[in-house]
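Working notes, structure below.
There are 2 protein chains.
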Amino acid sequence: MSYQAPVKDMMFNLRHLAGLDAVAQMPGFEDFGDETAQAVLEECARLMQDVVAPLNHEGDKQPSYLKDGKVTTTTGFPAAFKAYAEGGWQGLQHPVEFGGQGAPKVIAAACNEMLQAANMSFALCPLLTDGAVEALLTAGSPEQQQLYIPKLLDGSWTGTMNLTEPQAGSDLALVRTRAEPQGDGTYKLFGTKIFITYGEHDLAENIIHFVLARVVGAPEGVKGISLFIVPKVLVNADGSLGARNDVHCVSLEHKMGIKASPTAVLQYGDHGGAIGTLVGQENRGLEYMFVMMNAARYGVGLQGIAIADRAYQKAVAYARDRVQSRPVDGSVAGSASIIHHPDVRRMLMTMRALTEGCRAMAATAAAAFDAAHHHPDPETRQQNQAFYEFMVPLVKGYSTEMSLEVTSLGVQVHGGMGFIEETGAAQYYRDAKILTIYEGTTAIQANDLVGRKTLRDGGAMARALAQQIASTEATLLAGSAAAQAVGQRLRAAREALLAVVDFFTAQGKANPNAVYAGSVPYLMLAGNLVAGWQLGRALLAAESERASDPAFMDAKCATARFYAEHILPRTAALCDAIVGGAESAVALPLDAF
Amino acid sequence: MSYQAPVKDMMFNLRHLAGLDAVAQMPGFEDFGDETAQAVLEECARLMQDVVAPLNHEGDKQPSYLKDGKVTTTTGFPAAFKAYAEGGWQGLQHPVEFGGQGAPKVIAAACNEMLQAANMSFALCPLLTDGAVEALLTAGSPEQQQLYIPKLLDGSWTGTMNLTEPQAGSDLALVRTRAEPQGDGTYKLFGTKIFITYGEHDLAENIIHFVLARVVGAPEGVKGISLFIVPKVLVNADGSLGARNDVHCVSLEHKMGIKASPTAVLQYGDHGGAIGTLVGQENRGLEYMFVMMNAARYGVGLQGIAIADRAYQKAVAYARDRVQSRPVDGSVAGSASIIHHPDVRRMLMTMRALTEGCRAMAATAAAAFDAAHHHPDPETRQQNQAFYEFMVPLVKGYSTEMSLEVTSLGVQVHGGMGFIEETGAAQYYRDAKILTIYEGTTAIQANDLVGRKTLRDGGAMARALAQQIASTEATLLAGSAAAQAVGQRLRAAREALLAVVDFFTAQGKANPNAVYAGSVPYLMLAGNLVAGWQLGRALLAAESERASDPAFMDAKCATARFYAEHILPRTAALCDAIVGGAESAVALPLDAF
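Below is the structure:
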């Protein structure tokens, strides 16, 4: 089997880190207790392992292609999408009233990780559709919700996000696509959108584009951007399909990775105007798009975890199989499989620890999301919302940067074979590189973390987080030798975080360059720390639950300790660079580069 | 221009770090003083920039291909190879008596970096030919040297290294290719060799394969391996070409990167036996091959530096050009080119500092090589040889691992455009990944560093190196504010190195797993430190020579300080992981992965 879903690890996280029992007591989640979660995860694992995962390498070899304006996806993709939709997976996290399952995010996120691990290129289509549904739920009219959401959930239609234009990438203020009101409540759109994931494909009968554009006469900059629904095929009021709309795929990008996923250049209005309807109010498009983007950012973080796990599994299998050289400890008399060699074990442990650490972080963030939306107590909701918002850039930024390291190690474990495309390890290395870029580069995540999540409240949320970590630390330091080892590193890392927060809040607006030059290192520090913290919690749980599954629990403790001893110490170097190197980061004159 | 050779930086290194004046006083190098060096580097730069570099992206798009047993390289490669050979570049570092230029390695290495930066796939052919010449100079008979070296230097023929077989990668003890003595001084070879770079091509009229094989009846393991010359076309005693030999390219690998470089599977002896002649003595093949490999390992280190520089140059150009968002410091009123953004500057500085640091390290190592071979004093020769041997795994291991980070940042600076193949940044990311694998993976380099270079002499060479660093440190700490800032970080990093050396020598043979689990982190620590040390020396030189070129010297100081404040602190984390995490690295039972 090319992919084995980590159901056991996910259930461990749900039970011991994400508080599944507590989530299942929140209004609306009563049906999602332990047994249901286990059943859902196992059912999802089967579909992903058996149907979706085997198409991953195939998609790399035989990517989507454009001919006569039509995109044909990899052989097998349409059938897999049908199976995915018919299984109800697209609706898993969405409201029951529109045909969804209403599952909490803690469960949906686990399933989503499996989907992404099975086939990231394939999974991008559902991921974007989730974003479209979120936007409709946030800002769509009841009619729009009723017209579009059920079809998006049953797989009849899919959704896209249209932000980027050639001159407008990270900077959406530069968006130029034009929307002309027609007087009948509709608009005609004109412009070019690029990097549109699944902007054209053959998986569904319609594609619902969510498009940022400027209504004629709107203000300059981000305050003049509105959000529109522009279906590929127009939708009548009764939900039936009408005429083909004036939006056309004019080319697909030739990418380094996620090749099976068609990345379209879409041309709006070349033949008279693409008909669109406004979502919410005019000039509030960016606000709505951020709702989609925040959901998508968390999802991209899961992609990082997913591809890291896939790379890890492949590397372990190769390391067990490949026989080369005698172990240095003399444990095997002759040549042994390379998993016996200490450096291979170190690489595999690094891959494993980073993956499990980020998975634990994401599970905890998902629990906060659920509490923020479903907990009966308003104050608890608010606290969880603040926690979740702090976590989103970490889940997105740290998990994806981590996936670059893990997929690189995955190739490395394979030696020369890793560089040969047929082996498959190289695909993960190529695929992963998009993750630190799309849905906001790591720098954009870091700007968000520094500006909106740290400086705006004077470091309050960051310090509250450190307080929570200190509490876990205290328990660890009073525990077993392993717990103490983790607790010590956690303390040092937490102190590094606080030093940076103090530095940032002191520099504040006086020295923005110093603060923002440290933004990505700060994100890496905070992500590293939070993942390590969650593994610290995991160690405590694994020790107390050891009897239930000794081998699994011991492995969890070993992984947590490895993370603490090998990964957490990086935080000190990051702190030094941020605080001690703020000047040198921006000292070189621009013309000297 | 797609590549601008860093001649100024190279000359700075030659003058102030590698001691070119002293090198030019050694017997045999009298003609290679400052003026000659400058002229050679400028001449080389022109060829690389104008002829070789423009073919790099083309080679990625239109790789070498195999048809009817013949390999056709990328359009333009044969003409470029002709220009390279006719310019005398293949002979630059080789003896005058065989038609070479006899240049010192300090100069040859600079030219080699340019070649690799211009076009790594192309440059692999000369790199392998250099290795073949080295092997002949070390172990070839006078007749073999006379017969082969002049043709290898004038570009008529090229050389290859044939080590790997499907079951024998890092572990050459498993080599199975068989050599049967024919009684006339020749052997017939039978077997399959894989991953043979430029094993077949159309750049030259003949290919001289250097092949590891086992003479029938030879001992098992590495002690039964001999080295053979097996020409593609047999060579008569007068140097004219004879019959086609029984070695054939049966396929080319489909690789993630360096696509233009044909990586061949070679079949020996399928039609009666490939005729070969022994190099040196039977069963000493591995020893000779190590001579080739050590030259090649240094060369691969240069490839890391080269591709890093190319990626840096491309990223700088894009960052100057791409306009997106307002700078946080308000230095520009509207949207500005992204080089104004602090995180982009941090990324570019990281790329620049890593590249210049490794280049400085490589230049110093080359100077030691020259002194080891040409210095009149035997003791000085011996000291330099020990220093050089310690440097080889650092130049190879650290520079190539660094190139992964730099090429990844290179893509990142480009944002979404970086992921599009037409942009070209992705090619560097894909190409670089082979560098940590071939000519010995980073783990193999680290084993060499730990076993042969550190434990064998009880840490003496490592401690002697630390002593040299301490001396630079003292000068820095007595200097300017910038010098002190560098000196402080250097001291911490040197102490981290010594802590690891103490740990390794104390654990010694009692706990080999703990030592070897820390081997790659130790290599990364030592490489980081040595590169930082050389930049510390560079800062001192730049300060004292400031008047000669203020802008360049100031930039050097800024880069050195950035390296010290942002890169050197990583050594502490590595030290912690090695010393504090030795147990956890190998704690997980093998069946728990």
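The listed protein sequences derive, respectively, from chains S and V. If you read the first sequence in UniProt numbering, its first letter stands for residue 1, the second for the next number, and so on. If you read the second sequence in UniProt numbering, its first letter stands for residue 1, the second for the next number, and so on. Beta carbons: idealized from backbone N, C-alpha and C, even for Gly.
Tell me the start and end of each unbroken alpha helix (DSSP H) in the stretch 386–444 of chain V that is at least 4 residues and wholly inside, in chain order.
-> DSSP runs (the alpha helix (DSSP H)) wholly in the stretch 386–444 of chain V: 425–432.
Is the Cβ-Cβ distance between Leu498/S and Ala526/S less than 8 Å?
-> Not closer than 8 Å, so no.
What's the gap between the Cα of residue 595/S and the Cα of Val392/S?
-> Given that chain S is displayed from residue 1 to residue 593, the structure contains no residue 595/S and the question cannot be resolved.
Using a Cβ-Cβ cut-off of less than 9 Å, give me the residues of the stretch 242–258 of chain S that come near chain V, in sequence order.
-> For chain V, the residues of the stretch 242–258 of chain S that bring a beta carbon within less than 9 Å of one of its beta carbons are Glu253, His254, Lys255, Met256, Gly257, Ile258, in chain order.
Cutoff 8 Å: Arg546/V Cβ touching any chain S Cβ | Arg546/V does not count as touching chain S.
Which residue spans inside the stretch 18–66 of chain S form an unbroken alpha helix (DSSP H) run of at least 4?
-> Within the stretch 18–66 of chain S, the complete alpha helix (DSSP H) runs of at least 4 residues are 20–23, 34–47, 56–61.
Is Ala173/S near Leu152/S, with beta carbons less than 8 Å apart?
-> Their beta carbons are not under 8 Å apart, which means Ala173/S does not touch Leu152/S by this criterion.
Proximity test, Cβ basis, 8 Å: Asp171/V and chain S = Chain S has a Cβ within less than 8 Å of the Cβ of Asp171/V.
Classify His271/V as buried or exposed, calling it buried when 16 or more other Cβ atoms lie within 10 Å of its own Cβ.
-> His271/V counts as exposed, since fewer than 16 other C-beta atoms from the protein chains shown sit within 10 angstroms of its C-beta.
With Gln484/S and Leu477/S assumed to form a contact (beta carbons below 8 Å), what rounded beta-carbon distance in angstroms separates them?
-> Between Gln484/S and Leu477/S, the beta carbon gap of about 6 Å places them in contact (Cβ cut-off 8 Å).
According to the Cβ coordinates, are Ala260/V and Ser121/V closer than 8 Å?
-> Cβ distance < 8 Å, so Ala260/V and Ser121/V count as in contact.
Please name the residue or residues paired with Gln267/V in a DSSP beta bridge.
-> Note: Gln267/V sits in a beta bridge opposite Thr192/V, His248/V.
Quick one: using the 10 Å Cβ neighbour count with 16 as the cut-off for buried, is Tyr288/V buried or exposed?
-> Counting Cβ neighbours within 10 Å, Tyr288/V comes out buried, since at least 16 surround it.
Are there three or more Cβ pairs, one per stretch, closer than 8 Å when the stretch 348–356 of chain S is compared with the stretch 432–452 of chain S?
-> Judged by pairs of C-beta atoms under 8 Å, the stretch 348–356 of chain S does not touch the stretch 432–452 of chain S, as fewer than three such pairs exist.
Does Glu422/V get closer than 8 Å to chain S when you measure Cβ to Cβ?
-> Taking Cβ atoms only, chain S reaches closer than 8 Å to Glu422/V, which makes this a yes.
Measure from the alpha carbon of Glu356/S to the alpha carbon of each residue in Tyr312/S, Arg345/S, Arg320/S, then state which is nearest.
-> Out of Tyr312/S, Arg345/S, Arg320/S, Tyr312/S has the C-alpha closest to the C-alpha of Glu356/S.
Given a limit of 8 Å on CB to CB distance, which residues of the stretch 306–317 of chain V reach chain S?
-> Of all residues in the stretch 306–317 of chain V, Val316 have a Cβ within less than 8 Å of some Cβ in chain S.
Could you list the residues in the stretch 519–540 of chain V with a C-beta less than 7 Å from some C-beta on chain S, going in chain order?
-> Hits within the stretch, in order: Ser519, Val520.
From Lys396/V to Asn206/V, what distance separates their C-alpha atoms?
-> Going by the C-alpha atoms only, they are around 29 Å apart.
According to DSSP, is His209/S helix, strand or coil?
-> Note: His209/S maps to strand in three-state DSSP.
Leaving out five residues before and five after Ala308/S in sequence, what residues of the same chain have Cβ atoms less than 6 Å from its Cβ?
-> Hits under 6 Å: Thr355, Ser403, Val406.
Is the CB of Phe419/S under 8 Å away from at least one CB in chain V?
-> It does; some Cβ of chain V falls within 8 Å.
Going along chain S in order, which residues have a C-beta closer than 8 Å to the C-beta of Ala587/V?
-> Simply Ala558, Arg561, Phe562.
Of all the residues that make up the stretch 204–215 of chain S, which are near chain V by a beta-carbon distance shorter than 7 Å?
-> So the list is empty, because no residue satisfies the distance condition.
Proximity test, Cβ basis, 8 Å: Ser2/V and chain S = Cβ-Cβ to chain S under 8 Å: no for Ser2/V.
Nearest candidate by alpha-carbon position, reference Gln145/S, set Pro181/S, Pro95/S, Ile107/S = Pro95/S is the residue among Pro181/S, Pro95/S, Ile107/S whose C-alpha sits nearest the C-alpha of Gln145/S.
Determine, using beta carbons only, whether Gly257/V and Asp34/V come nearer to each other than 8 Å.
-> The Cβ atoms of Gly257/V and Asp34/V do not sit closer than 8 Å to each other.
Does the beta carbon of residue 594/S sit closer than 8 Å to a beta carbon anywhere in chain V?
-> As displayed, chain S neither begins before 1 nor continues past 593, which places residue 594/S out of reach and without an answer.
Closer than 7 Å: Ala53/V CB and nearest the ligand FAD heavy atom | The ligand FAD is not part of this structure, which contains no ligands at all.
Return the residues of the stretch 424–444 of chain V that lie within a Cβ-Cβ distance of less than 8 Å from chain S, sorted by chain order.
-> Taking 8 Å as the Cβ-Cβ cut-off, the stretch 424–444 of chain V approaches chain S at Ala426, Tyr429, Arg430, Lys433, Ile434, Thr436, Ile437, Tyr438, Thr441, Thr442, Ala443, given in chain order.
Could you tell me whether any Cβ in chain V is nearer than 8 Å to the Cβ of Ala123/S?
-> Any Cβ of chain V closer than 8 Å to the Cβ of Ala123/S would place that residue at the interface, and such an atom is absent.
Would the beta-carbon of Leu128/V fall within 8 Å of that of Gln534/V?
-> Taking a C-beta distance under 8 Å as the contact criterion, Leu128/V and Gln534/V do not qualify as a contact pair.
Please classify Ser519/V: does DSSP put it in a helix, a strand, or coil?
-> DSSP places Ser519/V in the helix class (H, G or I) of the three-state scheme.
Leaving out the 5 sequence neighbours to the left and right, which residues in its chain are closer than 8 Å to Thr186/V when beta-carbon positions are compared?
-> In chain order, Ile275, Gly276, Thr277 place their CB closer than 8 Å to the CB of Thr186/V, counting only its own chain and leaving out the 5 sequence neighbours on each side.
Using a Cβ-Cβ cut-off of less than 9 Å, list which residues of the stretch 54–88 of chain V approach chain S; keep chain order.
-> Taking 9 Å as the Cβ-Cβ cut-off against chain S, none of the residues of the stretch 54–88 of chain V qualify.
Where Asn162/V falls: helix, strand or coil (DSSP) | In this structure, DSSP gives Asn162/V an extended state, which the three-state scheme calls strand.
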